[in-house]
Amino acid sequence: MQYPIVVENLSKNYSKNEAVKNINFKISENEVLGLLGPNGCGKTTTIAMMLGLLKPTNGKVLIDGEDIEKKRISLLHKMNFISPYIELPKKLTVKENLIVYGKLYGVKSIIIRIDYLSDKLRLNEFLYKKTGELSSGQKNRVSLAKALINDPKILFLDEPTASLDPETGDFVRSFIEKISKEKNMSILLASHNMNEVKRLCKKVLMMKDGCLIDQGTPDDLIKKHGKTNLEEVFLKLNRSENEF
Amino acid sequence: MSFNRIYGLFLRHFFLIKSSLPRILDLIYWPTIQIILWGFISLFFSTYSNYYNNTLGVILTCAILYDFLFRSSISFNMLFLEEIWSRNFTNLFIAPMRISEIIISLVLTALIRTLIGLVPAILITSPLFGISILNLGMPLFFLFLSLYIFGITLGLFVSSGLLRYGPAFENIAWSSLFLLAPLGCIYYPIEILPDLLQTLARILPLVYIFEEARSILVNQYVDYSNIKNAFLLNGFYLLIGILLFYYSFQQARKKGSLINIGE
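The listed protein sequences derive, respectively, from chains Y and P. Counting from 1, one number per residue, gives the positions in the first sequence under the working numbering. Counting from 1001, one number per residue, gives the positions in the second sequence under the working numbering.
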């Protein structure tokens, strides 16, 4: 079986700092994999290497069996990314932004695609508004539309519901859940929302200080550590060095 | 190479410009002010100096040429800075765009931005001061092309710095041309400079471009060796600029500066 994403012995060093230390994992089709860990543990660095934004010091990332370092441009066509830390140009309207990214990703029928996403993500009411004038929830849905503009096979979600109200957060989670099944997507979800991770992810990777310190299904991890929920597991793993 | 992606990135900036009157006015404002200011300075010299027979024409033409250089370089840098300021930088580099496509798109967009600013300035020189830059004739095209290539080259140097060092390099974007202006011999012949600076000036294409403009306007003589020297130097620096941009991109991928560059 060929996995859409294979991470092999991946490491990243910045001079004396080892940001990611020899991590290995795979993501299969129609799987949402959770990546959990405290701030600065190496989640973003790992995602950046998987997106070809950052050159690994060692190891490799294989997308559909091909090394991202060797086939970066062609593999980027299959992927997309959403993060609250990057934005779309604020002075462009929502539609203009989506047209631009449709062009950059070589989408054939851009307007049809935008209409489809506008409908699914409820963008129609503000499609012609400037992106900078939107609320956080609306901007988040626009970013999600941008991340889906190329109908990606692989999606990287970095805190996709951060700073959203419960209703919008739930809408986004339901949408991710639905679209990942419909499109057979492979999704890597980095999040600090444990309920979100439990709801969306079949499997979870726990990171600390650049290392993978545990992995398993949310239920298995809860059981293994003798806790009642994923948040307690997270706290246990990150508060004490010697417990694990 | 994809026309769609080049066109896509062009559209990203075109949408931005067309939706903002202040941005359009800003593009027009500075060249216009520059030309008016220099027009009056030139008028002063033509009344009180015998250095040139045609002081107004020479100074004003050189001011327009210099402004064209300035605008093309700044336009290129601005396109890059816009991505950083809008925190869109990472989105751009996770899109399947080749570096060559980014460079070509920025070069073409910078040309349009430059022309939006400069054409009105050129048009008002004739009714206001009775000067037409078109008096330079056919060589004008080569001078503009040469200046544009050098402007883009400077833009590539500065953008390489932005790519590698992030917004901290922003001030260099604004000051790069001011640093080169004294060596460019824009308003005076190279002989005015001390010997050491003359040597430095001769390795810049600017000297040959402005010498040529003066040669045509003052002596009505086209010296094609100046144009050739300017193009040869431009080709050399452009090649270095492109290589530096690629190198900076690779360095940025190693150092991690493509992630959250706006912060």
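Virtual Cβ for every residue (Gly too), placed ideally from N, Cα, C. What you are looking at is a predicted structure, and each value in this text was computed from that prediction instead of being measured.
Just to make sure I have the definition right: I need the residues of chain C whose C-beta is within less than 8 Å of the C-beta of residue i. Which are they?
{"i": "Y:Gly210", "result": "No chain C is part of this structure, whose protein chains are labelled Y and P."}
Under 9 Å, do residue i and residue j count as touching if we go by C-beta distance?
{"i": "Y:Ile86", "j": "Y:Leu155", "result": "no"}
{"i": "Y:Leu33", "j": "Y:Leu230", "result": "no"}
{"i": "Y:Leu164", "j": "Y:Lys208", "result": "no"}
{"i": "P:Pro1031", "j": "P:Pro1096", "result": "no"}
{"i": "P:Phe1210", "j": "P:Ile1227", "result": "no"}
{"i": "Y:Asn80", "j": "Y:Cys211", "result": "no"}
{"i": "Y:Val197", "j": "Y:Leu98", "result": "no"}
{"i": "Y:Ile187", "j": "Y:Ile47", "result": "no"}
{"i": "Y:Glu266", "j": "Y:Ser191", "result": "Here chain Y comprises residues numbered 1 to 244, so residue 266 of chain Y is not present and cannot be evaluated."}
{"i": "Y:Lys12", "j": "Y:Met49", "result": "yes"}
{"i": "P:Leu1092", "j": "P:Ile1099", "result": "no"}
{"i": "P:Ile1242", "j": "P:Thr1125", "result": "no"}
{"i": "P:Leu1115", "j": "P:Leu1079", "result": "no"}
{"i": "P:Ser1257", "j": "P:Gly1166", "result": "yes"}
{"i": "Y:Lys153", "j": "Y:Met185", "result": "yes"}
{"i": "Y:Leu92", "j": "P:Arg1012", "result": "yes"}
Which chain Y residues sit within Cβ distance under 7 Å of residue i?
{"i": "P:Lys1254", "result": "Lys55"}
{"i": "P:Ala1110", "result": "Those within 7 Å of P:Ala1110 in chain Y number zero; the least Cβ separation is about 17 Å."}
{"i": "P:Ile1259", "result": "Thr44, Ala48, Leu53 and Leu54"}
{"i": "P:Phe1093", "result": "Leu53"}
Looking at the C-beta of residue i, does it have a partner C-beta in chain P at a distance below 9 Å?
{"i": "Y:Leu76", "result": "yes"}
{"i": "Y:Met79", "result": "yes"}
{"i": "Y:Ser163", "result": "no"}
{"i": "Y:Phe244", "result": "Confidence at Y:Phe244 is low in this model, with a pLDDT of 45, below 50, so the placement of that residue should be treated as unreliable; the coordinate-derived value is given next. Closer than 9 Å: no."}
{"i": "Y:Ile63", "result": "no"}
{"i": "Y:Ile187", "result": "no"}
{"i": "Y:Lys130", "result": "yes"}
{"i": "Y:Ile73", "result": "yes"}
In three-state terms, what does DSSP make of residue i?
{"i": "Y:Met50", "result": "helix"}
{"i": "P:Cys1062", "result": "helix"}
{"i": "P:Thr1199", "result": "helix"}
{"i": "Y:Asn24", "result": "strand"}
{"i": "P:Tyr1221", "result": "coil"}
{"i": "P:Ser1002", "result": "coil"}
{"i": "Y:Glu8", "result": "strand"}
{"i": "Y:Val142", "result": "helix"}
{"i": "P:Ser1257", "result": "coil"}
{"i": "P:Met1078", "result": "helix"}
{"i": "Y:Gly106", "result": "coil"}
{"i": "Y:Ser136", "result": "helix"}
{"i": "P:Glu1263", "result": "Low per-residue confidence applies at P:Glu1263: pLDDT is 39, beneath 50, and the placement is therefore not dependable, though the value from the model is reported in the following sentence. Coil."}
{"i": "Y:Lys203", "result": "strand"}
{"i": "Y:Lys90", "result": "coil"}
{"i": "P:Ala1230", "result": "helix"}
{"i": "Y:Asn39", "result": "coil"}
{"i": "Y:Glu69", "result": "coil"}
{"i": "Y:Asn289", "result": "Lying before the first or after the last residue shown, residue 289 of chain Y is absent from chain Y, which here runs from 1 to 244."}
Between the alpha carbons of residue i and residue j, how many angstroms are there, rounded?
{"i": "Y:Lys178", "j": "Y:Gln138", "result": "19 Å"}
{"i": "P:Ile1104", "j": "P:Ile1006", "result": "7 Å"}
{"i": "P:Leu1196", "j": "P:Phe1157", "result": "24 Å"}
{"i": "Y:Asn195", "j": "Y:Val204", "result": "12 Å"}
{"i": "Y:Phe55", "j": "P:Ser1073", "result": "According to the sequence shown, residue 55 of chain Y is Lys rather than Phe. When rounded, the distance between both Cα atoms is 30 Å."}
{"i": "P:Arg1023", "j": "P:Phe1014", "result": "11 Å"}
{"i": "Y:Thr168", "j": "Y:Ile111", "result": "25 Å"}
{"i": "Y:Leu148", "j": "Y:Val107", "result": "11 Å"}
{"i": "P:Ser1086", "j": "P:Tyr1246", "result": "23 Å"}
{"i": "P:Ile1112", "j": "P:Ser1075", "result": "9 Å"}
{"i": "P:Leu1177", "j": "P:Phe1070", "result": "7 Å"}
{"i": "P:Gly958", "j": "P:Gly1130", "result": "There is no way to answer for residue 958 of chain P, as the model of chain P reaches only from 1001 to 1263."}
{"i": "P:Leu1163", "j": "Y:Lys227", "result": "46 Å"}
{"i": "P:Phe1068", "j": "Y:Ile5", "result": "49 Å"}
{"i": "P:Gly1161", "j": "P:Gln1251", "result": "11 Å"}
{"i": "Y:Lys183", "j": "Y:Ile213", "result": "31 Å"}
Using a Cβ-Cβ distance cut-off of 9 Å, determine whether residue i contacts chain Y.
{"i": "P:Ser1160", "result": "no"}
{"i": "P:Glu1263", "result": "Caution is warranted here: a pLDDT of 39 is assigned to P:Glu1263, below 50, making its placement in the model unreliable, and no coordinate value can be reported."}
{"i": "P:Gly1155", "result": "no"}
{"i": "P:Phe1141", "result": "no"}
{"i": "P:Ser1019", "result": "yes"}
{"i": "P:Gln1250", "result": "yes"}
{"i": "P:Leu1106", "result": "no"}
{"i": "P:Arg1202", "result": "no"}
Which residues of chain P have a Cβ atom closer than 8 Å to the Cβ of residue i, listed in chain order?
{"i": "Y:Gly106", "result": "Ser1002, Asn1004, Arg1005 and Pro1096"}
Mind pulling the chain Y residues with CB within less than 9 Å of residue i?
{"i": "P:Phe1015", "result": "Pro89, Lys91, Leu92, Thr93, Glu96, Asn97, Ile99 and Val100"}
{"i": "P:Leu1009", "result": "Val100, Lys103 and Leu104"}
{"i": "P:Arg1071", "result": "By Cβ distance, chain Y contributes nothing, its closest Cβ being about 21 Å from P:Arg1071, past 9 Å."}
In chain Y, which residues lie less than 8 Å from residue i when you measure between Cβ atoms?
{"i": "P:Ser1086", "result": "Glu87, Leu88, Pro89, Lys90 and Lys91"}
Along chain P, in chain order, which residues have C-beta atoms closer than 9 Å to that of residue i?
{"i": "Y:Ile27", "result": "Ordered by position in chain P, no residue passes the 9 Å Cβ test against Y:Ile27, which lies about 18 Å from the chain."}
{"i": "Y:Ile154", "result": "Residues of chain P passing the Cβ test: none, with the nearest at roughly 12 Å."}
Using a C-beta to C-beta distance shorter than 7 Å, which residues of chain P count as neighbours of residue i?
{"i": "Y:Tyr14", "result": "Gly1256"}
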